[in-house]
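Undergrad: Count the sequence shown with the working numbering and you get residues 1160 to 1435, in order. Just so you know, even glycine gets a beta-carbon here, dropped at the ideal spot from N, CA and C. Here the structure is a predicted model, which is why all the values come from computation and not from measurement.
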Amino acid sequence: MGAGCGSSKVSGSVGGANRRCAMSSIVAGPPEVEIDYPEGPPSVPESDSHTTRRMELLVALRHWCSNRSDMQDAWVSSDINVYYREGDPKVVVAPDIAVAFGVDVAAVEGKSVYKVWEAGAAPCFALEIASPRTRRTDLHVKPAKFAELGVDEYWRLDPEGGELLNPPLQGERRQAGSWVPIEVVPEDDGLRGRSEVLGLDLCWQPPKLRLWDVAAGDWLPDHDDLAARADEEAAARRAAERAARAAEANAAEQAAARQAAEAELAELRARLDGAP
1160 MGAGCGSSKV
1170 SGSVGGANRR
1180 CAMSSIVAGP
1190 PEVEIDYPEG
1200 PPSVPESDSH
1210 TTRRMELLVA
1220 LRHWCSNRSD
1230 MQDAWVSSDI
1240 NVYYREGDPK
1250 VVVAPDIAVA
1260 FGVDVAAVEG
1270 KSVYKVWEAG
1280 AAPCFALEIA
1290 SPRTRRTDLH
1300 VKPAKFAELG
1310 VDEYWRLDPE
1320 GGELLNPPLQ
1330 GERRQAGSWV
1340 PIEVVPEDDG
1350 LRGRSEVLGL
1360 DLCWQPPKLR
1370 LWDVAAGDWL
1380 PDHDDLAARA
1390 DEEAAARRAA
1400 ERAARAAEAN
1410 AAEQAAARQA
1420 AEAELAELRA
1430 RLDGAP
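1. Look up C1224 in the DSSP assignment and say whether it is helix, strand or coil.
2. Round the Cβ separation of V1264 and Y1273 to the nearest angstrom and send it over; I've been treating them as touching at under 8 Å.
3. What are the start and end residues of the beta strand (DSSP E) that includes V1344?
4. First and last residue of the alpha helix (DSSP H) that includes E1331?
5. Distance, Cα to Cα, G1165 vs D1311?
6. Classify D1238 as helix, strand or coil using the three-state DSSP reduction.
7. What does the Cβ neighbour count give for S1172, buried or exposed, with the cut at 16 atoms within 10 Å?
8. Classify E1412 as helix, strand or coil using the three-state DSSP reduction.
9. Alpha carbon to alpha carbon, what distance is there between L1220 and G1358?
10. Mind checking whether P1248 and I1194 have CB atoms under 8 Å apart?
11. Just tell me which of K1367, G1376, E1421 and E1319 has its CA closest to the CA of E1215.
12. Could you spell out where the beta strand (DSSP E) holding A1257 opens and where it closes?
13. Could you spell out where the beta strand (DSSP E) holding A1253 opens and where it closes?
14. Since I believe A1278 is in contact with E1259 (beta carbons under 8 Å), could you give me their beta-carbon distance rounded to a whole number of angstroms?
15. Is W1363 near G1376, with beta carbons less than 8 Å apart?
16. Let me check understanding here. Comparing Cα to Cα, which of L1217, W1234 and S1290 lies closest to K1324?
17. If you run the structure through DSSP and keep just helix, strand and coil, what is G1433?
18. For the beta strand (DSSP E) holding V1300, just list the boundary residues, first then last.
Laid out in structure tokens, this is it:
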């Protein structure tokens, strides 16, 4: 796929200079009694397109962070409970996609919930994928929750391409305590907006939301890209193995031919030496 929307100019910083996520300002002190923080959000049925878009983004962002030495303190997750007020398990959100930097990875690795006071940082990026059931909450309830949590950017995506949100890609950046719309511009193949906290362009190219690395000038590979790359690498390995086996067989044939020729020559010499 070509550069597409990622190659265009857009206002805002390039490269995610603000890649440190602050602790939520409303974290309380340790509770006096042990508190249970349930795992997993309430079960809400997802459409196939919702699930597909969510997993594509999760895979792309995790792969991107894991392959960068400056992002080894990054946390990327999907649809798990994020608790941000110690001692009050009712204060919780579960973004479809959440990204935090400056995280104590050892403290959160393998955990089924994310506690801001243990992790060391609140998510700075959140994205919700709209559904008929969650659309109003995404528009009217989540902004206040994410502001309280300390999220810097809040994005919304309509996987149906405009049936639930108009435009289908929307972003807001928190400035001076208020949410300010992020410019989303039309492109020949969809829509594009820039995430300053990630240093990525979010590009709605129906049916996918692609991510463009502004600094690297390239797309983040999604699940399909990684699967295709794995298939290509596996095919290359199989071809190399076949070539190696063929080379070994050819070498063995040549060695056998040399041995046969040497034996024939030795036999001929013996006959000549024994001739009267």
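TA: Per the coordinate set shown:
1. helix
2. Going by Cβ atoms, the distance from V1264 to Y1273 rounds to 12 Å, so no, they are not a contact pair.
3. V1343 to E1346
4. Run containing E1331: none in the alpha helix (DSSP H); it sits in the beta strand (DSSP E), L1328 to Q1334.
5. In this prediction, G1165 has a pLDDT of 49, which is less than 50 and means its spatial position is unreliable; nothing more can be read from the coordinates.
6. coil
7. With a pLDDT of only 49 at S1172, under 50, the local geometry of the prediction cannot be trusted, and no value is derived from it.
8. helix
9. 12 Å
10. yes
11. K1367
12. I1256 to A1259
13. No beta strand (DSSP E) holds A1253; DSSP gives it neither H nor E.
14. Before going further, note that residue 1259 is Ala rather than Glu in the sequence given. Rounded, the Cβ-Cβ distance is 7 Å, consistent with contact.
15. no
16. Looking at the sequence provided, one finds Leu at residue 1324 rather than Lys. Residue S1290 is the option with its Cα nearest to L1324.
17. helix
18. V1300 -> no beta strand (DSSP E), and no H or E assigned at all.
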